[in-house]
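Student:
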Amino acid sequence: MTDNNRDFELEQALRGAFDENVRLSDEASARILANLTAAEAQAQAEGQAQAQPEAQAQAAAFDQPRMQVIPGAPAPRKKRPAAWKIAVPVAACLLLVAIGVGVGTNLLGSNAEMPVAETKAASEDTMAGSANSYAPDGGLAYETDEAYETFDTLDEGAPMEDFNTEEYAAIEENGFVSTVTRPLSTCSADVDTASYCNLRRMINDGYSLDEIPDGAVRIEEMLNYFHYDSGEPEGNDLFAVRAESARCPWNDQTQLLVMTFTASDKAQTASKGSNLVFLIDISGSMDEPDKLDLLKDSFGTLLENLGPNDRVSIVTYAAGEDVLLEGASGDDTRKIMRALNRLEADGSTNGEAGLEMAYEVAERNYIEGGVNRIVMASDGDLNVGITSESDLYDFVEEKRETGVYLSVLGFGSGNYKDTKMETLADHGNGTYHYIDCVEEAERVLGEDLTANFVPVADDVKLQVEFNPAQVKAYRLIGYENRAMADEDFLNEAADAAEVGAGAQFTVAYELVLADSDYDVADVPDLKYGSGEAAGDSSTDEWLTCSMRYKAVDDDKAVRSQDLVVGADSQTESPSDDWVFASSVIEFGMIASDSEFAEGLDTGDVLDQLDTIRLNDERQGFYDLVEIAW
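Read in this note's numbering, the sequence shown has 957 at position 115, and its numbers run on one by one without any break.
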């Protein structure tokens, strides 16, 4: 290239770069050009020895096909560029920055005329209505997104906002209900714990409680994360139940009733082996350390607890589906881990195809009388095939009839789709857990493996009948998305939760007793059936809690249990379990911005926790509340 040609191109580049914002005089352009040309000449003289071979290598590179980058391969070594190739762009960039912020500079000569940047208003007008930032013809166009901030100048240094597309189902909090107008409260059991771990992830990531997304906090799942003492089941009962009530910490005119249900830890299905299908999302969105990498470690923990009677299959899905492994022996850990370690994330997410294939594989390897379960691991970002919650509901409802259970493990953040993950687990006869760290994987897939994967009871339902003569109103805390129609309690076709061997779930009610002065809004004073005319005043029974479920080891025979709760459950010195459970509820109310949490703060929760002894599990909760405080 001749000197004249180079001068012409440099001049055109400078004019093009400033064309949108700054008008340079011919004299200013000439001086800038002269200084840049001089800088180039000096740099060339210093790097003359290496300029020619570098130029030849560059020319040859243009004739080569673009390198294919293989995930996991070492990065190619880069050649050192000639000095003059750095000097000219750097000088131009320094000039652009100086012009952009509207400051003077003497780098280009003592007599240089400095361009003046246009006003902020003019700049905003130029960019209005476009998702792409402007650039001169032949220059680079920088794509932006409306979710990111727009900056007025180049030197503000403020980072762009994180692009967050997480999804949570809206929750309409349960309010107080009159026992006269509605004496029955019916819901499905729930043993999921995902909400607590996801909340823990957010707080540890720096979220304030005000920033927690609506619908992300499900208090019942927070309660279920922790273990409580409720004894052992008696006789033919599959569940041990413990009820305790005391004055409500956030309202001294109401009672807080906490009922804990613990399933029998004896399950015949465990002895007959398990047929596990790992359904793993390897789409591009899983290419993060807290997703696919953590997922591999998590399944490694699960394999440590399997034996020769167990079968393991691996189905992956992204744009399509693939069976990497089918029917491998549970003790062939090396073979299974080799398949897991080969996984790489790429492509879109066709969850429908993956689920369809996983059910086919599970049915081919079905163990009669054993555990047959798909374990789906994903961030829930399904964007190909079935993508809506309603369609997913219909799909897993149909597949549930195969006798294969579906459990869901959630991973990651930023694009996490809690709505889809919960739908799959709730209607696929499974459990839902969120894995935010290796320790949680060890808990879910190690310590609590039997409780999470070996079922003892299906379609577990609860119905509480209140005595209006003793209880004026009640409020079920949590379980908003587990509510059932009262008539479905006796409907054997109505789906409800499955509960594993040794698993626990906790149900809490805030009660307004008949002699309380607490004025419950929206509870009418009826002409007929009010006061002493309603209920049974001859007994001190507050309520009767009835359970119905299908015993897995008894050919799904329907069983029932009843628990009567009365004034004798009330105490002035509640147990550590009750104090801890009430603290979890209170924190959940604050985090979810409950209408009943007015005036509460996390300091109240910490004060209450300070009154009891905390094991390691509960100390972890205390530490989390401290972070949020």
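C-beta atoms are modelled at their ideal positions from N, C-alpha and C, and glycine is treated no differently.
Quick one: give me the first and last residue of the beta strand (DSSP E) that W1384 is part of.
Tutor: In the sequence shown, residue 1384 corresponds to position 542, counting from 1. Residues 1383 to 1393.
Student: Grouping DSSP H, G and I as helix and E and B as strand, with all else coil, what is L1318?
Tutor: One-based indexing of the sequence shown puts residue 1318 at position 476. Strand.
Student: Between the Cα of D1095 and those of M1064, V1302, S1358, S1388, spot the shortest distance and give me the residue it belongs to.
Tutor: The residue you call residue 1095 lines up with position 253 of the sequence shown. Inspection of the sequence shows that residue 1095 is occupied by Gln rather than by Asp. Among M1064, V1302, S1358, S1388, the Cα nearest to that of Q1095 is on S1358.
Student: If you draw a straight line from the alpha carbon of L1466 to that of N1046, how long is it in whole angstroms?
Tutor: Locating residue 1466 in the sequence shown gives position 624, where the first residue counts as 1. Locating residue 1046 in the sequence shown gives position 204, where the first residue counts as 1. Their Cα atoms are separated by approximately 8 Å.
Student: Just the C-alpha distance for P1297 and D1107, rounded to the nearest angstrom, thanks.
Tutor: Here residue 1297 corresponds to residue number 455 of the sequence shown, with the count starting at 1. Here residue 1107 corresponds to residue number 265 of the sequence shown, with the count starting at 1. Roughly 10 Å between the two C-alpha positions.
Student: Could you tell me which residues DSSP puts in a beta bridge with M1101?
Tutor: For the purposes of this step, residue 1101 is taken as residue 259 along the sequence shown, with counting starting at 1. Partner(s): A1085, V1349.
Student: Report, in whole angstroms, the separation of the C-beta atoms of W1420 and L1448, which I expect to be a contact under 8 Å.
Tutor: Counting from one through the sequence shown, the residue named residue 1420 turns up at place 578. Counting from one through the sequence shown, the residue named residue 1448 turns up at place 606. That belief does not hold up - the Cβ atoms of W1420 and L1448 are roughly 17 Å apart, past 8 Å.
Student: Between which two residues does the beta strand (DSSP E) containing V1400 stretch?
Tutor: As a position in the sequence shown, residue 1400 is number 558, starting the count at 1. Run containing V1400: 1399 to 1408, per the beta strand (DSSP E) assignment.
Student: Which one or two residues does DSSP pair with G1196 in a beta bridge?
Tutor: One-based indexing of the sequence shown puts residue 1196 at position 354. DSSP output for G1196 lists no bridge partner at all.
Student: With distances taken from CA atoms, which of L1080, N1066, L1355 is nearest T1021?
Tutor: Locating residue 1021 in the sequence shown gives position 179, where the first residue counts as 1. Of the listed residues, the one whose Cα sits closest to T1021 is L1355.
Student: Could you check how far apart the C-beta atoms of F1068 and V1426 are, in whole angstroms? I think they sit under 8 Å.
Tutor: On the sequence shown, position 226 is the one that residue 1068 refers to. On the sequence shown, position 584 is the one that residue 1426 refers to. The pair is a contact, with the Cβ atoms about 7 Å apart (cut-off 8 Å).
Student: How would you label R1455, buried or exposed, when you count the other beta carbons within 10 angstroms and need 16 or more for buried?
Tutor: Indexing the sequence shown from 1 puts residue 1455 at position 613. Classification of R1455: exposed, given that the 10 Å Cβ count is below 16.
Student: For K1473, which of helix, strand or coil comes out of DSSP?
Tutor: Residue 1473 is absent from the model: the chain starts at 843 and stops at 1471.
Student: Answer yes or no: the CB of S1027 versus the heavy atoms of the ligand FAD, is any distance below 6 Å?
Tutor: For the ligand FAD, the structure offers nothing, since it holds no ligand at all.
Student: Within 10 angstroms of the Cβ of S1140, are there 16 or more other Cβ atoms? Answer buried if so, exposed if not.
Tutor: As a working mapping, residue 1140 is identified with position 298 in the sequence shown. Classification of S1140: buried, given that the 10 Å Cβ count is 16 or more.
Student: For D1052, list the residues DSSP reports as bridge partners.
Tutor: Here the question's residue 1052 lines up with position 210 in the sequence shown. Answer is none; D1052 lacks a bridge partner.
Student: Look up P1025 in the DSSP assignment and say whether it is helix, strand or coil.
Tutor: Stepping through the sequence shown from its first residue, residue 1025 is reached at position 183. Here P1025 sits in coil by DSSP.
Student: With distances taken from CA atoms, which of D1032, E1202, F1018, T1007 is nearest Y1321?
Tutor: Looking up residue 1321 in the sequence shown gives position 479. Selected option, being the one with the closest Cα: D1032.
Student: For G1254, count neighbouring Cβ atoms within 10 angstroms of its own Cβ and tell me buried if that reaches 16, exposed if not.
Tutor: On the sequence shown, position 412 is the one that residue 1254 refers to. Its Cβ being crowded by 16 or more others within 10 Å, G1254 is buried.
Student: Does the beta-carbon distance from T1143 to L1234 come in below 7 Å?
Tutor: Locating residue 1143 in the sequence shown gives position 301, where the first residue counts as 1. Locating residue 1234 in the sequence shown gives position 392, where the first residue counts as 1. Result no, Cβ atoms of T1143 and L1234 do not sit closer than 7 Å.
Student: Helix, strand or coil for E1163? Go by DSSP, reduced to three states.
Tutor: Locating residue 1163 in the sequence shown gives position 321, counting from the first residue. Note: E1163 maps to strand in three-state DSSP.
Student: For P1297, list the residues DSSP reports as bridge partners.
Tutor: Residue 1297 sits at position 455 when you count from the first residue of the sequence shown. In DSSP, P1297 forms a bridge with G1342.
Student: Starting from the C-beta of I1277, find all residues in its chain whose C-beta is less than 6 Å away, skip the five residues before and the five after it, and write them out in chain order.
Tutor: Locating residue 1277 in the sequence shown gives position 435, where the first residue counts as 1. Around I1277: S1140, L1251, F1253, A1283.
Student: For D1223, which option in N1207, S1127, M1199, V1213 has the closest C-alpha, if you only look at C-alpha atoms?
Tutor: The residue given as residue 1223 occupies position 381 in the sequence shown. Among N1207, S1127, M1199, V1213, the Cα nearest to that of D1223 is on S1127.
Student: Between L1353, A1187, E1015, which has its C-alpha nearest Q1312's C-alpha?
Tutor: The residue labelled residue 1312 in the question sits at position 470 within the sequence shown. Measuring from the Cα of Q1312, the nearest candidate turns out to be L1353.
Student: Tell me which residue opens and which closes the beta strand (DSSP E) that D1123 is part of.
Tutor: Translated into the one-based positions of the sequence shown, residue 1123 becomes position 281. Per DSSP, D1123 is one residue of the beta strand (DSSP E) stretching across 1116 to 1123.
Student: Would you mind giving the Cβ-Cβ distance between S1411 and S1402, rounded to the nearest angstrom? I have them listed as a contact below 8 Å.
Tutor: Walking along the sequence shown from the start, residue 1411 turns up at place 569. Walking along the sequence shown from the start, residue 1402 turns up at place 560. In fact, because the Cβ distance is near 21 Å, the residues do not count as touching under 8 Å.
Student: Mind the definition here: the region 1426 to 1446 touches the region 1072 to 1079 only if three or more C-beta pairs lie below 8 Å; say whether that holds.
Tutor: no
Student: Is there contact between the region 1145 to 1156 and the region 1083 to 1092, where contact requires at least three CB pairs shorter than 8 Å?
Tutor: no
Student: Report yes or no: do the region 1112 to 1120 and the region 1203 to 1213 share at least 3 C-beta pairs separated by less than 8 Å?
Tutor: yes
Student: Which value, in whole angstroms, describes the spacing of the CA atoms of A1219 and W1384?
Tutor: Locating residue 1219 in the sequence shown gives position 377, where the first residue counts as 1. Locating residue 1384 in the sequence shown gives position 542, where the first residue counts as 1. Each residue's alpha carbon lies about 43 Å from the other.
Student: Could you give the DSSP three-state label for Y1276: helix, strand or coil?
Tutor: Working through the sequence shown from its first residue, we reach residue 1276 at position 434. If DSSP states are grouped into helix, strand and coil, Y1276 belongs with the strands.
Student: Figure out for me which residue from A1399, A1036, D1452 has the closest Cα to the Cα of D1418.
Tutor: For the purposes of this step, residue 1418 is taken as the residue at position 576 of the sequence shown. The closest CA to that of D1418, considering only A1399, A1036, D1452, is found on D1452.
Student: Specify the secondary structure class of A1423 as computed by DSSP and reduced to three states.
Tutor: In the sequence shown, counting from the first residue as 1, residue 1423 sits at position 581. A1423 falls in the helix class under three-state DSSP.
Student: Among Y1049, D1034, S1030, M1064, which residue has its Cα nearest to the Cα of R1460?
Tutor: By one-based count along the sequence shown, residue 1460 stands at place 618. For the residues Y1049, D1034, S1030, M1064, the minimum Cα distance to R1460 belongs to M1064.
Student: What first and last residue would you give for the alpha helix (DSSP H) that runs through G1462?
Tutor: By 1-based counting over the sequence shown, the position of residue 1462 is 620. Counting along the chain, the alpha helix (DSSP H) containing G1462 begins and ends at 1458 to 1470.
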